[in-house]
Amino acid sequence: MKTALTALLPLSAVLAGCGGAPAKLPEAAIERAATCGVVAANQARATVPDIKAPLSAAQQGGILRYALLAGAEGEEFSRDRTAQVVSAMPALGEDISEESIAALAPQCAAAYPMPQGPVELPDDPLVAAQGCDELSDFMRQALGAQGSAYKDQLDAYYALNLELDSRLGPLLAARGVNGVEASEAEARKAFATIARLGEPTAVLEACSARYVKG
């Protein structure tokens, strides 16, 4: 069963405030990822002068990437950890000053290096398919919670989920994975692998290129 991400928040809730927290990343994993999410949100918003205008899907993905990486720290993906990161962002946004963003940005880049080059999906067909399915489901929930601004992406991700739904049964059967519990465990492992591949909308472009007919 896929767990809904219920902690998604408006971007305005995570922008930097006037706090005086030191410009150093926290050591705790949840707070560290949430801090970098706040940094990414502020960097993205700086490119869109109208505060009411939506960010691009890729910018939203860049913010959520840190929550995804926190969820992917173990062998199996944890949506609870991802939700904890998103929930922590508003309070941290109040504590991080705008002046700290520039100092924190390179620390985030070092702590969470972005993979370079084209996205390469896993060679294992089950891992790739399950991982793409889980990430697409996650981003549909995330972008869908932001209103109607991302209709094109939501339509594309829905098409991807539909295509993968028809493929996963045979792949699981061929691997000898039987039962809901075993299937969900494999899906969590695959999600952890896929979540580490880069900015999520770019990863999903690679997923769609592999699985969805043009």
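Read in order, the letters of the sequence shown are residues -23 to -1, 1 to 191 in mature numbering (1 follows the signal peptide of the UniProt record, and there is no 0). Glycine is no exception: its CB is placed at the ideal position from the N, C-alpha and C atoms. Note that the structure is a prediction, hence the values are computed from the model and not measured.
Where residue i falls: helix, strand or coil (DSSP)
i: Ser33; result: coil
i: Ser143; result: helix
i: Ser55; result: coil
i: Ser125; result: coil
i: Ala(-17); result: Confidence is the limiting factor: at Ala(-17) the pLDDT is only 44, short of 50, which leaves the residue's position unreliable, though a coordinate-based value still follows. Three-state result, Ala(-17): coil.
i: Glu111; result: helix
i: Gly153; result: coil
i: Asp27; result: coil
Nearest to residue i (by Cα), restricted to the options the options
i: Ala169; options: Ala5, Thr59 and Lys29; result: Thr59
i: Glu50; options: Ala159, Ala172, Val180 and Tyr135; result: Ala172
i: Pro102; options: Val62, Tyr188 and Gln37; result: Tyr188
i: Ser185; options: Leu98, Met66, Leu81 and Val62; result: Leu98
i: Met91; options: Ser55, Val180, Ser33 and Ala(-1); result: Val180
i: Ala34; options: Pro95, Tyr127 and Gln61; result: Tyr127
i: Gln84; options: Ile7, Thr12 and Ala183; result: Thr12
i: Gly175; options: Leu46, Lys29, Ser55 and Ala30; result: Leu46
i: Ala(-1); options: Gly153, Gln107, Glu75 and Gly121; result: Glu75
i: Ile7; options: Ala151, Val62 and Pro95; result: Val62
i: Cys109; options: Ala122, Glu163, Gly153 and Ala30; result: Glu163
i: Gln107; options: Val96, Leu149, Gly121 and Ala122; result: Leu149
i: Gly39; options: Ala183, Ala86 and Ala122; result: Ala86
i: Ala44; options: Leu32, Val25, Ser64 and Pro26; result: Ser64
Endpoints, the alpha helix (DSSP H) within which residue i is located
i: Thr12; result: Ala6 to Ala23
i: Glu161; result: Val157 to Ala172
i: Ala80; result: Glu75 to Ala88
i: Pro177; result: Pro177 to Tyr188
Contacting residues, own chain, Cβ-Cβ under 7 Å from residue i (five flanking each side not counted)
i: Lys166; result: Glu52 and Glu53
i: Leu41; result: Ala119 and Pro177
i: Arg9; result: Leu2, Pro3 and Ala88
Residues near residue i by beta carbon distance below 6 Å, same chain, minus five either side
i: Ala105; result: Leu98 and Pro99
i: residue 199; result: A question about residue 199 goes unanswered here, because the residues of the chain that appear run from -23 up to 191.
i: Thr(-21); result: With a pLDDT of only 42 at Thr(-21), under 50, the local geometry of the prediction cannot be trusted, and the value read off the model is given with reservation. Excluding residues within five positions, the ones whose Cβ falls inside 6 Å are Arg56.
i: Val154; result: Ser160 and Glu163
Neighbourhood of residue i by C-beta, 8 Å cutoff - its chain only, sequence neighbours within 5 removed
i: Asn138; result: Asp110, Ser113, Asp114 and Arg117
Any chain D beta carbon closer than 8 Å to residue i
i: Glu158; result: Protein chain content of the structure displayed is limited to a single chain, and chain D is not contained in it.
Any chance the region 66 to 78 sits against the region 12 to 25, with 3 or more Cβ pairs inside 8 Å?
Judged by Cβ distances under 8 Å, the region 66 to 78 makes contact with the region 12 to 25, as three or more pairs qualify.
May I ask you to verify whether the region 20 to 35 touches the region 134 to 141, counting CB pairs closer than 8 Å and requiring at least 3?
No, because fewer than three Cβ pairs between the region 20 to 35 and the region 134 to 141 fall closer than 8 Å, the two stretches do not touch.
Under 8 Å: do the region 76 to 86 and the region 141 to 149 share three or more Cβ pairs, one atom per stretch?
Result no; under three Cβ-Cβ pairs closer than 8 Å.
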